[in-house]
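Read top to bottom, the protein sequences are chains A and B. With our numbering applied, the first sequence has no gaps in its numbers, which climb one by one up to 29 at the end. With our numbering applied, the second sequence has no gaps in its numbers, which climb one by one up to 498 at the end. This report refers to the structure that appears directly beneath it.
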Amino acid sequence: GAPLPVLVMTLYGRVFEKDPPRLGQGPGKLQ
Amino acid sequence: LDSFTAAVYEHAVLLPNATESPASREEALLLMNRNLDVLEKATKLAARQGAHIIVTPEDGIYGWVFTRESIYPYLEDIPAPEVNWIPCRDPQRFGYTPVQERLSCLAKDSSIYVVANIGDKKPCNSSDPLCPPDGRYQYNTDVVFDSEGRLVARYHKYNLFAPEIQFDFPKDSEVVTFDTPFGKFGIFTCFDIFSHDPAVVVVQDFEVDSVLYPTAWYNTLPLLSAVPFHSAWARAMRVNLLAANTHNTRMHMTGSGIYSPEAVKVYHYDMETESGQLLLSELRCRPRSQPTYPAAVDWSAYARSVKPFLSEQTHFPGLIYFDEFTFTKLKGKTGNYTVCQKDLCCHLSYKMSEKRVDEVYALGAFDGLHTVEGQYYLQICTLLKCQTTDLRTCGEPVGSAFTTFEEFSLSGTFGTSYVFPQIILSGSQLAPERHYEVSRDGRLQSRG
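If you want it as structure tokens, here you go:
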């Protein structure tokens, strides 16, 4: 294994059982 | 066939000029044909190189800046595939459908499956309580024409992104699959990839071999860049994924690829030019029947089997894409750390080649509902480089790093079996698979 110049290493988990009925909603960007 | 040649085209979409009043149907078709000219060139080139199928991006025909009114001239009536229709042969059968006719002829003339994203309009009236006031539904729609030009798939995007005000949600999530001589295919669009319906269902319940994935994805470092996220999804869901993105450097839109369950076959990431890019790669028609098919991973097995590392550490909060993580700073050249948030505990063991004084890394955990530009529940363990040595910048976008890791092992006590592993290297490059592996007990770790 060569040494890696890591920026990010992630385990990105999705817990579907805790999702609201529809993903495509949201208050929009808080800017 | 045991294998097939897949093509994906990252397209720099020609966008309509901003106008006060909606474009006329003729003006709309003119713009769409300019985009179709580019997609036609790419498709013919792909076919000449032996591609069986080509995927083009979401919004690739007319762009994405519309209101309900202004997109109307770009929409066509797209029938369900059951009507067994070859628009190139019978263009008038379903009214005025020039875009479908042209896509069908392109597929037929080049003997290649063509996947595109266009807009569907369906009239409705007051007998339908959900009918919009303007008397029609408008859907973000993927279409697939087979090598004879027949319409074989139509998918209405279910999980519209918050800014997509020009479209309606279908009443139910559609699971669209179709068979070909080179395997069973599913299809969904962009933001759907975060979903259980249709994204997980099409793979797990309908057991497709490959997923066609038109997208218009703008990269958000550190965790939501197209190539790392899409390749991680293909790896974790163990299917082929043909991801065609739009190309617009101003909007950070770039990142297309052809991903197999075992490895990233080819990908494209270009923040320098405004050009489109054609990608080709050979894929196995039925990855599940391959000896190299990855085994299922029990993502929490290892993390639940070890005691938390209780080394001297202080925790601090940090935001990643509006989600508040719990972070701890990596102090030494090597070490073991555990950081927890709610039910999730993340374990990291690592060894750097050298500990640089001008670069700081942190281990972070997030267990909660993400609520910006969509709502979905996440459990995330991440090791990342902070933007500066100020810990308040941990979670901000970072593009380069000089610190190298000789050894690493990252794991978490996940309460889900849907975990997508990503490793992004300096310059937003993907880590080659020969340098890391995912163990069956849930460790994302260096090899050797």
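Backbone N, C-alpha and C fix where the C-beta goes; we use that ideal spot for every residue, glycine too. Since we're looking at a predicted model, the values are computed, not measured.
With 16 other Cβ atoms within 10 Å as the buried cut-off, status of residue i
| i | result |
| --- | --- |
| B:I215 | exposed |
| B:S176 | exposed |
| A:V13 | buried |
| B:M402 | buried |
| B:P272 | buried |
| B:F464 | buried |
| B:D355 | Before going on, a small fix: residue 355 of chain B reads as Ser here, not Asp. Per the 10 Å Cβ criterion, exposed. |
| A:D17 | buried |
| B:P107 | buried |
| B:Y189 | buried |
| B:P173 | exposed |
| B:Y486 | buried |
| B:G185 | exposed |
| B:P66 | buried |
| A:L28 | Confidence at A:L28 is low in this model, with a pLDDT of 33, below 50, so its placement is unreliable and the value that follows should be read with caution. So A:L28 counts as exposed. |
| B:L180 | exposed |
| B:S281 | buried |
| B:A97 | buried |
| B:Y468 | buried |
| B:Q495 | buried |
| B:D33 | Coverage of chain B is limited to positions 51 through 498, which leaves residue 33 of chain B absent and any answer about it impossible. |
Contact list for residue i against chain A, beta-carbon separation under 7 Å
| i | result |
| --- | --- |
| B:Y426 | R12, D17, L21 |
| B:A282 | Y10 |
| B:V448 | L5 |
| B:E312 | Per Cβ cutoff of 7 Å: no residues; B:E312 is ~18 Å from chain A at best. |
| B:G465 | V13 |
| B:I474 | L5, V6 |
Assumed close pair residue i, residue j - CB separation to whole angstroms, cut-off 8 Å
| i | j | result |
| --- | --- | --- |
| B:A157 | B:L329 | Wrong, their Cβ atoms sit about 19 Å apart, outside the cutoff. |
| B:S306 | B:N295 | 4 Å |
| B:R204 | B:A130 | 6 Å |
| B:F455 | A:L2 | 5 Å |
| B:V149 | B:I103 | Actually they are not in contact, since the Cβ atoms of B:V149 and B:I103 sit about 19 Å apart, beyond 8 Å. |
| B:L433 | B:V277 | Wrong, their Cβ atoms sit about 19 Å apart, outside the cutoff. |
| B:L81 | B:Y59 | Not quite, the Cβ-Cβ distance comes to about 18 Å (not below 8 Å), so this is no contact. |
| B:Y235 | A:M7 | In the sequence as displayed, the identity of residue 235 of chain B is Phe instead of Tyr. No, B:F235 and A:M7 are not in contact; Cβ-Cβ is about 32 Å, not under 8 Å. |
| B:E404 | B:K383 | 7 Å |
| B:I474 | A:L5 | 5 Å |
| B:S53 | B:E483 | Not quite, the Cβ-Cβ distance comes to about 19 Å (not below 8 Å), so this is no contact. |
| B:M513 | B:A266 | Residue 513 of chain B lies beyond the stretch modelled for chain B, which goes from 51 to 498, so this question has no answer here. |
Closest by C-alpha distance to residue i, when choosing among the options
| i | options | result |
| --- | --- | --- |
| B:S197 | B:F238, B:K383, B:I136 | B:I136 |
| B:S325 | B:V63, B:V356, B:V165 | B:V63 |
| B:P72 | B:T376, B:I162, B:Y124, B:A166 | B:Y124 |
| B:M287 | B:L274, B:D259, B:W267 | B:D259 |
| B:G492 | A:Y10, A:P3, A:D17, A:V4 | A:Y10 |
| B:L428 | B:V253, B:R98, B:K171, B:T466 | B:T466 |
| B:Y263 | B:K405, B:Y309, B:V314, B:H397 | B:Y309 |
| B:S461 | B:I430, B:R442, B:L441, B:Q479 | B:I430 |
| B:A166 | B:F217, B:D109, B:V115 | B:D109 |
| B:F359 | B:V422, B:C181, B:V316, B:S399 | B:S399 |
| B:Y187 | B:L201, B:E119, B:V194, B:L153 | B:E119 |
| B:A351 | B:K381, B:C396, B:L333 | B:C396 |
| B:T376 | B:T270, B:F416, B:Y486 | B:F416 |
| B:F279 | B:F54, B:G498, B:S478 | B:S478 |
| B:L380 | B:G414, B:G236, B:D393 | B:G414 |
| B:F372 | B:L419, B:I243, B:L180, B:P220 | B:L419 |
| B:E362 | B:D127, B:V488, B:Y319, B:V389 | B:V389 |
| B:F228 | B:F219, B:F238, B:D222 | B:F238 |
| B:L394 | B:F219, B:A313, B:A353, B:E423 | B:A353 |
| B:A451 | B:Y426, B:Q391, B:F244, B:R406 | B:R406 |
| B:N269 | B:D170, B:G449, B:K315 | B:G449 |
| B:S74 | B:R84, B:H61, B:I121, B:V115 | B:I121 |
Chain A contact residues for residue i, given Cβ-Cβ distances below 8 Å
| i | result |
| --- | --- |
| B:F211 | G22 |
| B:G17 | Residue 17 of chain B lies beyond the range of chain B shown here (51 to 498); nothing can be said about it. |
| B:K435 | V4, L5, V6 |
| B:A481 | L2, V4 |
Cross-chain neighbours of residue i in chain A, by beta carbon under 9 Å
| i | result |
| --- | --- |
| B:E456 | G(-1), A0, P1, L2 |
| B:F470 | T8, L9, Y10, G11, R12 |
Legend entry - Sufficient close CB pairs (3 or more, under 8 Å) joining the segment 203 to 214 of chain B to the segment 238 to 255 of chain B: yes
Inset, instruction - Please confirm if the segment 326 to 342 of chain B is in contact with the segment 362 to 372 of chain B, defined as three or more CB-CB distances below 8 Å between the two stretches. - result: Taking 8 Å as the limit for Cβ pairs, the verdict is that the segment 362 to 372 of chain B does not touch the segment 326 to 342 of chain B.
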